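Participant:
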Amino acid sequence: MSMQRVNTRTVRRKSRAIVLRTLVLLIMCGIAAFAVLIGKLYDLQITKNSYYESLALQYQLRQTSLSATRGTIYDVHGNILAMSAAVENVFISPWEIDNKSQDIAFIANGLSTILGVSGSEIMEMSTHIDSQYRVVKYGVNVMQAQEVREFIRTNSLMGIYLEPATKRFYPNDNLASQVLGFTGRDNEGLDGLEARYNGLLTGVDGRTISLSNALGKKLMMPEYDDFYAAQNGDSITLTIDSSIQYYVEKHLAQAIIDYDVQNGAACIAMNPKTGAIYAMANYPNFDPNNFEQIGEREAQRLETIEDEEAYRAARYGALLRQWRNRSLSDTYEPGSVFKIMTLAMAIEENVVALDHLYDCKGYMEVQGREEDEPLHCWNIYGHGEQTISQAMRNSCNVVCVEMALRVRSQTFYKYIDAFGLFERTGLDNTAEARGLWWDESVFFNRYNQSQLASASFGQTFKVTPIQMITAAAATINGGYLMQPYIVSHISDTDGNITQVTQPEILRQVISAETSATVRSILEGVVSSGTGRNAQVRGYRIGGKTGTSENVEQLTAENTVIGASKDYIVSFIGFAPAEDPEIIILLLLDTPSEETGIVISGGAMAAPVVGSMLADILPLCLGIRPQYTDEDLGDINMDVPRVIGNSVSDAQQILSVSGFECRTVGDGETVTNQLPAANAYVASGTTVILYLGEELPKDPVVVPSLSGMSYGAAKDTLESQGMFIRTTGSPKSDGRVEVSVQSVPAGEWHMYGSIVEVTLINKDAIDRN
Ligand SMILES: [Zn+2]
Numbered sequence: 004m005s006m007q008r009v010n011t012r013t014v015r016r017k018s019r020a021i022v023l024r025t026l027v028l029l030i031m032c033g034i035a036a037f038a039v040l041i042g043k044l045y046d047l048q049i050t051k052n053s054y055y056e057s058l059a060l061q062y063q064l065r066q067t068s069l070s071a072t073r074g075t076i077y078d079v080h081g082n083i084l085a086m087s088a089a090v091e092n093v094f095i096s097p098w099e100i101d102n103k104s105q106d107i108a109f110i111a112n113g114l115s116t117i118l119g120v121s122g123s124e125i126m127e128m129s130t131h132i133d134s135q136y137r138v139v140k141y142g143v144n145v146m147q148a149q150e151v152r153e154f155i156r157t158n159s160l161m162g163i164y165l166e167p168a169t170k171r172f173y174p175n176d177n178l179a180s181q182v183l184g185f186t187g188r189d190n191e192g193l194d195g196l197e198a199r200y201n202g203l204l205t206g207v208d209g210r211t212i213s214l215s216n217a218l219g220k221k222l223m224m225p226e227y228d229d230f231y232a233a234q235n236g237d238s239i240t241l242t243i244d245s246s247i248q249y250y251v252e253k254h255l256a257q258a259i260i261d262y263d264v265q266n267g268a269a270c271i272a273m274n275p276k277t278g279a280i281y282a283m284a285n286y287p288n289f290d291p292n293n294f295e296q297i298g299e300r301e302a303q304r305l306e307t308i309e310d311e312e313a314y315r316a317a318r319y320g321a322l323l324r325q326w327r328n329r330s331l332s333d334t335y336e337p338g339s340v341f342k343i344m345t346l347a348m349a350i351e352e353n354v355v356a357l358d359h360l361y362d363c364k365g366y367m368e369v370q371g372r373e374e375d376e377p378l379h380c381w382n383i384y385g386h387g388e389q390t391i392s393q394a395m396r397n398s399c400n401v402v403c404v405e406m407a408l409r410v411r412s413q414t415f416y417k418y419i420d421a422f423g424l425f426e427r428t429g430l431d432n433t434a435e436a437r438g439l440w441w442d443e444s445v446f447f448n449r450y451n452q453s454q455l456a457s458a459s460f461g462q463t464f465k466v467t468p469i470q471m472i473t474a475a476a477a478t479i480n481g482g483y484l485m486q487p488y489i490v491s492h493i494s495d496t497d498g499n500i501t502q503v504t505q506p507e508i509l510r511q512v513i514s515a516e517t518s519a520t521v522r523s524i525l526e527g528v529v530s531s532g533t534g535r536n537a538q539v540r541g542y543r544i545g546g547k548t549g550t551s552e553n554v555e556q557l558t559a560e561n562t563v564i565g566a567s568k569d570y571i572v573s574f575i576g577f578a579p580a581e582d583p584e585i586i587i588l589l590l591l592d593t594p595s596e597e598t599g600i601v602i603s604g605g606a607m608a609a610p611v612v613g614s615m616l617a618d619i620l621p622l623c624l625g626i627r628p629q630y631t632d633e634d635l636g637d638i639n640m641d642v643p644r645v646i647g648n649s650v651s652d653a654q655q656i657l658s659v660s661g662f663e664c665r666t667v668g669d670g671e672t673v674t675n676q677l678p679a680a681n682a683y684v685a686s687g688t689t690v691i692l693y694l695g696e697e698l699p700k701d702p703v704v705v706p707s708l709s710g711m712s713y714g715a716a717k718d719t720l721e722s723q724g725m726f727i728r729t730t731g732s733p734k735s736d737g738r739v740e741v742s743v744q745s746v747p748a749g750e751w752h753m754y755g756s757i758v759e760v761t762l763i764n765k766d767a768i769d770r771n
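Take the sequence shown: its letter number 155 is residue 158 in my numbering, and every next letter is one higher.
1) Is Gly236 closer than 8 Å to Arg73 when the C-beta atoms are compared?
2) Quick one: what's Arg510 bridged to in DSSP?
3) Taking 7 Å as the cut-off, does the CB of His254 come closer than this to any heavy atom belonging to ligand 1?
4) So what does DSSP say about Lys364, is it helix, strand or coil?
5) Quick one, which of Gln454, Glu435, Ala436 has its alpha-carbon nearest Ser444's?
6) If you follow the beta strand (DSSP E) that Gly142 is part of, which residue opens it and which one closes it?
7) For the candidate residues Ala519, Phe726, Ser238, whose alpha-carbon lies nearest to that of Asp497?
8) At a cut of 8 Å, does the stretch 385–395 reach the stretch 428–442 through at least three beta carbon pairs?
9) Quick one: is Pro174 buried, meaning 16 or more other Cβ sit within 10 Å of its Cβ, or exposed?
10) Just curious, the alpha helix (DSSP H) that Ser457 is in, first and last residue?
11) Within 8 Å of any Cβ in chain D, is that where the Cβ of Thr631 sits?
12) Among Ser180, Gly209, Cys270, which residue has its Cα nearest to the Cα of Ser232?
13) So does Cys623 have its beta carbon nearer than 7 Å to some heavy atom of ligand 1?
14) Report the rounded CA-to-CA distance for Gly464 versus Gly549, giving the unit in angstroms.
15) Taking Asp592 as part of the beta strand (DSSP E), name the residues at either end of that continuous run.
16) Taking 8 Å as the threshold (C-beta atoms), are Leu346 and Met406 in contact?
17) Compute the beta-carbon to beta-carbon distance between Thr666 and Val684, rounded to the nearest angstrom, for a pair I have assumed lies under 8 Å.
18) Does Tyr319 pass the burial test, meaning 16 or more other C-beta atoms within 10 Å, or should it be called exposed?
19) Is DSSP giving Pro97 helix, strand or coil here?
20) Helix, strand or coil for Lys342, going by three-state DSSP, please let me know.
21) With three or more beta-carbon pairs closer than 8 Å as the criterion, would you say the stretch 329–337 touches the stretch 461–477?
22) At 4 residues or longer, what runs of the alpha helix (DSSP H) sit wholly inside the stretch 675–759?
23) If you run the structure through DSSP and keep just helix, strand and coil, what is Ser494?
24) Exposed or buried, Trp326, counting other C-beta atoms within 10 Å across all chains shown (16 or more means buried)?
25) Please go through the same chain and pick out, in chain order, the residues whose beta-carbon is closer than 8 Å to the beta-carbon of Thr414, but skip the five residues on each side of it.
26) For Val645, collect the residues of the same chain with a Cβ closer than 6 Å to its Cβ; drop the 5 residues on either side in sequence, then sort them by chain order.
27) What's the C-alpha gap between Asn622 and Trp381?
28) How many whole angstroms separate the CB atoms of Glu772 and Gly206, which I take to be in contact at a CB cut-off of 8 Å?
29) DSSP beta-bridge partners for Glu388?
30) Please confirm whether Ala269 and Ile259 have their CB atoms less than 8 Å apart.
31) Roughly how many angstroms lie between the CA atoms of Gly755 and Gly687, to the nearest whole one?
32) In chain order, what residues of the same chain lie with their CB nearer than 8 Å to the CB of Ile34, ignoring the 5 residues before and after it?
33) For Tyr418, name the three-state secondary structure that DSSP assigns.
34) Quick test of your reading: Thr761 and Val743, contact by CB under 8 Å. State the CB separation rounded to the nearest angstrom.
35) For His386, verify whether its CB is less than 7 Å away from any heavy atom of ligand 1.
36) So, for Arg188: in the same chain, excluding its five sequence neighbours on each side, which residues have a beta-carbon less than 7 Å away from its beta-carbon?
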């Protein structure tokens, strides 16, 4: 329960931070709008009174457009993901500067200092003396706008102006960047939902016809004004849950570092019952506030390119990559994750018996393949006799092919169609790609079953991640193919809801009974199969691992680990296994072999999805863990505060909470403790009680824990004055060891620091 408490606190802190940020932003925008107004009035009526009087005769009627405010994009809980705020554009009138003989070098220098625009650029603008409008900087904030006013005022300058404008803000920076997309300087949506729903969000500009002077400055004579109000844009509320999105992105970013992933990654979290998208994340991503800025990791790579031409091309490529919503736009070979589909078909068609034993000799003859090239199981020594359930735990290729051959190619094809894998899902009609499949004429060849055989374990065809997760959701939600959706509802500027998306069942593909069987078999994959590293204490999780080569055309068998091949490792996980509320698909494109971790979905993708679920289930979905006695053995706990207690009382308090202790010094009362009170560390940690002694001040070097057992890693850290806690850790059956540590070995850290380790199960790190 203590894990619950700490994490709830973190999330509360997190959501409080979001609320606070939004509030600050709103206040800033309010101040900005107000300041603009006051500034205008001040400009017109006080500072420049005599100036305007002298120009009053040169009036003209002028039409100004009033830009409609672009609608807001909210997450499912009403948190702001994108909003428009009032800013100002600073522009000069080169005509006036020239006509009134202003000192342009002085102006350029002043504006350059305030706005950070190059002085020579401003000088260049001023040469267009037939123009009255050259924008020096768009979207200037309140502070800078005031500085510009002050600069104009104190130096009695002419030909510099400010005009109100709006700017798009994304308060959460990189969060859900490819989903949201971004807008250009003219507030036109250029990518993502900003582009797709541009028409709705934009609204209709209004206009005023008003009396203005010769320089285009509006005069305060309302009786001459004709006013058509702007119709503000509609607002969109997404199904995205920012906190789920946050945890997905957090663990995705960590995976990129831990496995040194070379070609990016994609992850989708969905409600399998409704098809609502909870989160959609891709790596690399970007900050839509500065969408032309390359992310740090990519920027570092670009720095190594010396040739300028090559650099420019690489930079452009990097921009396109970071804007790309791979979850929708890219196709990939799903590999063994796809065995879920084959399993569902075979059970639904009643061509396999769950209590029957199927034999895997490590290879099998498939009609149509060369005789000396049998199809191999990834385990070339064979899995022996196994039930269907065991075969899924082993991710056995041979039994999977066996199932597909019994289903037969025509029926197999019919299911692929029914699971929606031939069509775009329709989640996004601008960015979404189509899968790539064998043509019927090839697939239905009675004398060549090799395509069917390869397809049964997810090879020689490609799907998009959104297609894969939607189809997989249908196998575990009672058999229904749901229409995935990301827009919950649309509301007008007054907050009236004008359009609501209702969950839509496209069709039932398999029966509820088959679906229940699939769920239970896939729970077995995580509880004692290749998916073991996705286990989260206190939860029942189901899933399937996948590893595939990232090449255009594949050989039918899984190839043994070779030199520098591109692999996509993936995992699909859902929870709670008995009644799934969430399903997550994660794929990592080309993790590095140098990390020393075997490149496989089981070793790399499964623990990441486990970590995501460990945060999301209790903190975002309110699903509490139910611990078994075994679970409680070595879970992380909060350290109680024992400072001020007698040594014996402290020992008593710690022992009740499941901690050991040792003392330093010979006083009677505890004057300090390590780890500190409320630190979240492994239960059984030996807490150091200081009895009048000072805490050590010298930093200590973090040891390498890779490959150690959990107990050895804990002892090693404690012997050096540091402490351990675990994340996404498997239960202690089988050979469990440390795969990654939160603080790299060799770094110097404070005495008493806590190192978080990811444990993986060595029995589950095969290549499937
Ligand atoms: Zn096998």
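All residues carry an ideal CB built from backbone N, CA and C; glycine is no exception.
Bear in mind that the values here come from a model prediction, so they are computed numbers and not experimental data.
Facilitator: In short, the structure shows the following:
1) Contact: yes.
2) In the DSSP output, where bridge partners are listed per residue, Arg510 has Leu484.
3) No, ligand 1 has no heavy atom inside 7 Å of this Cβ.
4) Under the three-state reduction of DSSP output, Lys364 falls in the coil class, being neither helix nor strand.
5) Of Gln454, Glu435, Ala436, the residue nearest in Cα terms is Gln454.
6) In the DSSP annotation of this structure, the continuous segment of the beta strand (DSSP E) that includes Gly142 starts and ends at 137–143.
7) The shortest CA-to-CA distance from Asp497 to any of Ala519, Phe726, Ser238 is the one to Ser238.
8) No contact exists between the stretch 385–395 and the stretch 428–442.
9) If you draw a 10 Å sphere on the C-beta of Pro174, you find 16 or more other C-beta atoms in it, and that means buried.
10) Its alpha helix (DSSP H) spans residues 453–459.
11) Going by chain labels, chain D is absent from the structure shown, which holds only one protein chain.
12) Residue identity differs from the one stated: residue 232 is Ala in this sequence, not Ser. When C-alpha distances from Ala232 are compared across Ser180, Gly209, Cys270, the shortest belongs to Gly209.
13) Within the chosen limit of 7 Å, ligand 1 does not reach the beta carbon of Cys623 with any heavy atom.
14) Note on identity: in this sequence residue 464 is Phe, with Gly being the wrong assignment. Rounded to whole angstroms, Phe464 to Gly549 spans 14 Å at the Cα level.
15) Residues 585–592.
16) Met406 is a Cβ neighbour of Leu346, given a cutoff of 8 Å.
17) With a Cβ gap of about 18 Å, Thr666 and Val684 do not count as contacting.
18) Exposed.
19) Pro97 falls in the helix class under three-state DSSP.
20) Lys342: helix per DSSP, three-state reduction.
21) Yes: at least three Cβ pairs fall under 8 Å.
22) Contiguous alpha helix (DSSP H) elements confined to the stretch 675–759 occur at 713–722, taking only those with 4 or more residues.
23) Ser494 falls in the strand class under three-state DSSP.
24) Buried, since its Cβ has 16 or more Cβ neighbours within 10 Å.
25) Excluding positions up to five away in sequence, the list reads Met348, Glu352.
26) Cβ within range, chain order: Ala653, Ile656, Val673, Gln676.
27) In the sequence on display, residue 622 carries Leu and not Asn. Distance between the alpha carbons of Leu622 and Trp381 is about 38 Å.
28) Any answer about residue 772 is impossible in this case: the structure gives the chain only from 4 up to 771.
29) For Glu388, the pairing in a beta bridge is given by DSSP as Asp362.
30) In this structure, Ala269 keeps its C-beta atom at 8 Å or more from the C-beta atom of Ile259.
31) Cα-Cα distance, rounded: 16 Å.
32) Unreliable positioning characterises Ile34 in this predicted model, as indicated by a pLDDT of 48, which lies under 50. The coordinate reading is nonetheless provided below. Hits under 8 Å: Val145.
33) Correct three-state label for Tyr418: helix.
34) So it is a contact: roughly 5 Å between Cβ atoms.
35) Yes; taking the cut-off as 7 Å, the Cβ of His386 has a heavy atom of ligand 1 nearer than that.
36) Cβ within range, chain order: Tyr141.
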